[in-house]
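Report on the structure given below.
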Amino acid sequence: MKIRYSLLGLAMIVISSVINITTSSAQPQPPESKQSQCQRYEAGMARFNANLTARENDRHTQRELVERLIVVLKSEIQQLESQTFSDAKIQSFHQRSLDSIIAAHNNMVDYVSAIDRGDQAKADAAFGNLQLIPYQISDVLKQFEQYCGKP
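Those letters in the sequence shown? Residues -26 to -1, 1 to 125, by mature numbering (1 follows the signal peptide of the UniProt record, and there is no 0).
In structure tokens:
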């Protein structure tokens, strides 16, 4: 019985999605303004920063901190990947920020993996690469502020 309701629920979701796609594609959407795109990008980065620096991410050891941040970054990457921008410059800022965040995630995974293998040199290298990420993102955000204006 539960399976039947689950299948019925899934069918309803698919049908409503098809209706929404059909309805939204039938009505042309006005282009999103540059200012609106700037605000969306800024809101996404602010949310990312808030989630990354949230108090619950604090841990006692460096490894615990890194493991928690890997989880947070993975979730944030998925959120940021879902955003698109029609303004080419804002899309470029977004992609560069996303690339830096993905690099941070990968370096954190490399760090934990190297620690597990007992390879301190690789762990130090991965951790050193992490030190560059804030500067890369800061550079992108400065360019964003010049393009969109300071908040």
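Positions of the beta carbon are idealized from the N, C-alpha and C atoms, including for glycine.
Asked: CB contact flag (Glu101, Tyr85, <8 Å); Found: What sits at residue 101 in the sequence shown is Phe, not Glu. Going by C-beta atoms, Phe101 is nearer than 8 Å to Tyr85.
Asked: Nearest to Lys8 (by Cα), restricted to the options Thr58, Glu50 and Arg29; Found: Thr58
Asked: Nonlocal neighbours in the same chain, by C-beta distance under 8 Å from Val40, ignoring five residues either side; Found: Met82, Tyr85 and Val86
Asked: Close beta carbons around Val114, own chain, < 6 Å, minus the five adjacent residues each side; Found: Phe67, Arg70 and Ser71
Asked: Straight-line Cα distance separating Gln105 from Lys63; Found: 26 Å
Asked: Cα-Cα separation between Ser(-2) and Ser56, rounded to whole angstroms; Found: Residue placement at Ser(-2) cannot be trusted, given a pLDDT of 48 that sits under 50; the coordinates are not used to answer.
Asked: Tyr15 versus Gly123 - alpha carbon distance; Found: 13 Å
Asked: Leu47, DSSP secondary structure in three states; Found: helix
Asked: 8 Å contact criterion, which Leu54 and Gly92 should meet: CB distance rounded; Found: Incorrect: roughly 34 Å between the Cβ atoms, too far for contact.
Asked: Opening and closing residue of the alpha helix (DSSP H) in which His34 lies; Found: From DSSP, His34 is part of no alpha helix (DSSP H); its letter is neither H nor E.
Asked: Rounded C-alpha distance that separates Gln110 from Ile75; Found: 10 Å
Asked: Cβ-based burial, Glu38 [other Cβ within 10 Å; buried from 16]; Found: exposed
Asked: Pairwise C-alpha distance: Phe22 and Ser112; Found: 14 Å
Asked: Pair within 8 Å by beta-carbon distance, Ala97 and Ile107; Found: no
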